[in-house]
Amino acid sequence: MTYTYISHAPVAPLDRYIDDLYYWHGPAPFAKMKVPPMPAMHLMVNLGDPFRIFRPGQSAPIAICSTSWAVGLWRTYHEVEWPRNVVFYGVHFKPGGAYPLRSCHNHC
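If you're matching positions, the sequence shown starts at 540 in my numbering and goes up one per residue.
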């Protein structure tokens, strides 16, 4: 089985805030993935099946992400269990790049 992964680095002025915008469609080449701590926010919009998120060494998920979610700074890695039907868009922000959105939760 193959998957499609497309990544695009934005131009100015978004390049000051965003490393890349990406799209994934199709099965992941792995069932679980260890995600190391990241220095910036990561936003995902899921159009496929839910992702299950685990803390290191735990068998019960700490979150089941079925629609959209944002990941901030973690102190340790976390594990992501990939679904069979993967369709999602994502934004990798630069460190501090999501800061202009800080008040959006009250107005958006």
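Built from N, CA and C at the ideal position, the CB exists for glycine as well.
All values reported here derive from a predicted model rather than from experimental measurement.
Cβ neighbours of Pro578 within its own chain (closer than 8 Å, five residues either side excluded): Leu612 and Pro634. Shown here, Tyr542 sits in coil according to DSSP, grouped into three states, outside any helix or strand. When the Cα atoms are used, Arg591 and Asn624 turn out to be separated by approximately 13 Å. One Cα belongs to Pro589, the other to Arg641, and the distance between them is close to 26 Å. Boundaries cannot be given for Phe569, as no beta strand (DSSP E) includes it and DSSP labels it neither H nor E. In this chain, the beta strand (DSSP E) harbouring Ala602 covers Ala602 to Cys604.
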